[in-house]
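Colleague: Structure provided below as structure tokens; questions to follow.
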Amino acid sequence: MAGLKNVAYYALGGGHGHTLRGLAILRRLQTRRIGVLLLAPRRLQAWAKIEGIRITSPPDRPSPETLMRWVSDTLSREAPDRLLVDVFPRGILADLHHSLALAATPPWLIARRVKPAFYLEPAIREVVEHRYERIVWCEEPPDSLRDLRVPQGICAPICVRNSEECNSRTVARQALGLPDAGSVVIVLGTGAVERQRDLLRLLLKVQAGIRTRFSLVFVSDTLLPHRENGLSVLSLYPAMASLRAADLVVAAGGYAAFHETRAVGIPTIYLPQRRPYDDQRWRVRQCSTVSNPRDLAIAIAAALRRDRVSSAGAYPASGADELADQLVAHSTTTGAGPSTPGFSSDGVLPSSFR
Amino acid sequence: MRCRERSGFLFAHACDRGATQKCTQCQKDICKEHVRPGTICVSCEKRSGGIAGAKRPRGGRDESYYHDPYWYAYGYYDDYHYYDDADHRVFDPQEDVAASADDFEGDFEGS
């Protein structure tokens, strides 16, 4: 492949993480003057517009046949030099399967940790091992998936911003309309709207009940924006850039929230949610978690007194830059094959990044 | 008339019981749970140093002590209904899957 001219990123999963990883990687590629295109749900188009990244979305609520045709038409029209597929979202095997067969070059699979049963499902395993050029793990994979017969590599966590790009506490608070003094708790809302409403209601009870006063910022793109004394409900992209406004973050255990809070180094209480293919409990296993309302209240009160939840300390989340470098490097080598530094041809992964 | 006492180890929450009398020191309306010897409220008892002299019952559990809302933290206050089913639902281990496999937009598989 003589140079990399354009890359498409398939992020048609329902959660935010697929699109956030896509935006992170495409943003870095775009700075390298590579054409990019994001395939993502329509409701996340505003994020791509903020980043100045081309995005295309299928019709709302498509049938499987419509989706398959849309993916095939899009990839045929755009003809990217490289297709990146995020995690292989559930239920999408049908629409990608046909398109992969038409691709000039096999795609790369960008995978966070998944429950092994997903990729070991025979039909999915067959496609992964025969239609993908490599898997790039952006999180430590389960041991059983290291046996997949496809070259595998690993990169650092992929976050939409590097920590040095994130606002300082003062700037972030100004941007959010918050006073510089006083405690602030930022909540990264995720999941079904009913769950987010329940969480907001609970946190308002905690805010009213504990003695330590704090302002509550609930980030959500499904709840209606709202502002009153001590409470802001708002849509915020990229939320990562504003996390330093917080003394404490409350988040589920999804990929983006977890790695963004760790990259910025803000004390966080995680409320892992159960997902079919994402093991959030595993991801937050070494962090502060709670499992009932009272423990949440105690943890918040203690954290704001700075005697409990400790910051993990910021760590590099440079996966997007690493992956962009690998894509460019691979495109300049003659001949296909897993000879790119950081990858091995025998399926043995380098040591984990954590 | 509602009890005007606020107490709790972590939560300074309002009492929602009906008041039965007034504190003889501060005249605050208080319920029978918050009245202390001398017909004073819990807050006045604390100001008068009554708390310092109080001791945990020895040998055998004094149920009334453990139900004293002034003393206690959430975990022991059997009558503490601050959190309801909706609050506990936040931690419900049921999978948060919004839709079927046919509806990829609703597939909140998370990140």
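Going line by line, the protein sequences match chains A and B. Everything in the first sequence is counted per the working numbering, starting at 1 for the first residue and increasing by one. Everything in the second sequence is counted per the working numbering, starting at 1001 for the first residue and increasing by one. Here a beta-carbon is modelled for each residue, glycine too, at the ideal position from N, C-alpha and C. Here the structure is a predicted model, which means the values were calculated and not measured.
1. Indicate the three-state DSSP secondary structure (helix, strand or coil) for Lys-1022(B) in the structure shown.
2. Counting pairs of beta carbons, one from the segment 35-45 of chain A and one from the segment 3-15 of chain A, are three or more of them closer than 8 Å?
3. Would you mind telling me which residues of chain B sit closer than 8 Å to Asp-198(A), beta carbon to beta carbon, in chain order?
4. Do Cys-1044(B) and Gln-1025(B) have their CB atoms nearer than 7 Å?
5. Taking all protein chains shown into account, decide if Ile-50(A) is buried (16 or more other Cβ within 10 angstroms of its Cβ) or exposed.
6. Using DSSP with H/G/I as helix, E/B as strand and the rest coil, what is Cys-1015(B)?
7. If I measure Cβ to Cβ from Tyr-315(A) and keep anything under 7 Å in the same chain, skipping five residues before and after, which residues do I get?
8. What does the alpha-carbon distance come out to for the pair Val-71(A) and Glu-129(A)?
9. Which of the residues in the segment 1033-1049 of chain B, read from start to end, lie with their CB under 9 Å from any CB of chain A?
10. Can you check which of these residues, Thr-268(A), Ala-111(A) and Val-87(A), is closest to Val-250(A) by C-alpha distance?
11. Alpha carbons only, please: which of Ile-135(A), Ala-172(A), Arg-149(A) and Leu-200(A) is nearest the one belonging to Leu-327(A)?
12. Below 8 Å, can you find three or more Cβ-Cβ pairs linking the segment 166-177 of chain A to the segment 197-214 of chain A?
13. Let me know the secondary structure DSSP gives Gly-153(A) once reduced to three states.
14. Could you check which residue in Leu-323(A), Ala-329(A), His-330(A) and Arg-28(A) has the C-alpha nearest to that of Ile-154(A)?
15. In whole angstroms, give me the CA-to-CA distance for Tyr-255(A) and Met-68(A).
16. Let me make sure I understand the geometry here. Which of Trp-137(A), Pro-225(A) and Leu-231(A) has the alpha-carbon closest to that of Pro-179(A)?
17. Can you check whether the C-beta of Arg-308(A) is within less than 7 Å of a C-beta belonging to chain B?
18. Would you list, in sequence order, the uninterrupted alpha helix (DSSP H) runs of no fewer than 4 residues that lie entirely inside the segment 167-227 of chain A?
19. Could you tell me the distance, in whole angstroms, from the CA atom of Ser-144(A) to the CA atom of Val-85(A)?
20. Taking only beta carbons into account, state which residues of the segment 207-218 of chain A come closer than 9 Å to chain B, listed in chain order.
21. If we cut at 7 Å on Cβ distances, does Pro-59(A) have a partner in chain B?
22. For Gly-209(A) and Glu-1005(B), I'd like the C-alpha separation in whole angstroms.
23. Since Ala-11(A) contacts Ala-40(A) with CB under 8 Å, what's their CB separation in whole angstroms?
24. Given a limit of 7 Å on CB to CB distance, which residues of the segment 282-295 of chain A reach chain B?
25. Express the C-alpha separation of Lys-1022(B) and Arg-195(A) in angstroms, rounding to a whole number.
26. First and last residue of the beta strand (DSSP E) that includes Ser-232(A)?
27. So, helix, strand or coil for Leu-100(A), using DSSP?
28. Is Val-219(A) closer than 7 Å to Leu-188(A) when the C-beta atoms are compared?
29. Give me the Cα-Cα distance between His-16(A) and Tyr-1082(B), rounded to the nearest whole angstrom.
Modeller: Quick answer:
1. strand
2. Counting Cβ pairs under 8 Å, three or more are found: they touch.
3. Ala-1086, Asp-1087, Arg-1089 and Val-1090
4. yes
5. exposed
6. In this structure, Cys-1015(B) counts as coil in the three-state DSSP scheme.
7. Arg-262 and Ala-263
8. 21 Å
9. Answer set for the segment 1033-1049 of chain B: empty.
10. Answer by Cα proximity: Thr-268(A).
11. Checked all of Ile-135(A), Ala-172(A), Arg-149(A) and Leu-200(A); the closest Cα to Leu-327(A) is Ile-135(A).
12. no
13. strand
14. Leu-323(A)
15. Rounded to the nearest angstrom, the two C-alpha atoms are 27 Å apart.
16. Leu-231(A)
17. Confidence in Arg-308(A) is poor, its pLDDT being 48 and thus under 50, which makes the residue's placement unreliable; the coordinate value appears in the next sentence. Cβ-Cβ to chain B under 7 Å: no for Arg-308(A).
18. 169-176 and 193-209
19. 21 Å
20. Ala-208, Gly-209, Ile-210 and Arg-211
21. Using beta-carbon distances, Pro-59(A) does not count as an interface residue toward chain B, since no partner is under 7 Å.
22. 14 Å
23. In this structure Ala-11(A) is in contact with Ala-40(A), their Cβ atoms being roughly 5 Å apart against a cut-off of 8 Å.
24. Those would be Ser-291, Asn-292, Pro-293 and Arg-294, in chain order.
25. 43 Å
26. Element bounds for Ser-232(A): 231-234.
27. helix
28. yes
29. 33 Å
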